[in-house]
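Novice: Residue numbers (my numbering): 1 to 96.
Virtual Cβ for every residue (Gly too), placed ideally from N, Cα, C.
Computed from a predicted model, the values in this text were never measured in an experiment.
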Amino acid sequence: MRVQVHDQRRDAAGRGLSVALAEKDDLASGTSSASTKLFHGGLRYLEFYEFGLVRQALKEREVLLQNMPHISWPMRFVLPHVKGVRPAWLVRLGLF
């Protein structure tokens, strides 16, 4: 089952609603092996001018960082720039 569905159920339970979880296999059985385990802000969607999607992804990432500090924290990355792939200004803007 997708992580977003689990997050929606967690959000509903946090609002006082009754929530039931049923899965075909063990709870989150395929999630760990198929995940980068990163919460991202949707940087790649900036090149398609999906500003609303990026804004929503950043808001959701902040919710996860605030509500689960025991399993989520900011990480620093070195991001190489390859000429001709994306304009450097677009990458800098997305990382601001």
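Is the beta carbon of SER72 sitting closer than 9 Å to the one on PHE48?
Specialist: no
Novice: Going by DSSP in three states, ARG92 sits in which element: helix, strand or coil?
Specialist: helix
Novice: For VAL82, count neighbouring C-beta atoms within 10 Å of its own C-beta (all shown protein chains included) and say buried if the count is 16 or more, exposed if not.
Specialist: exposed
Novice: By DSSP, does LYS59 sit in helix, in strand, or in coil?
Specialist: helix
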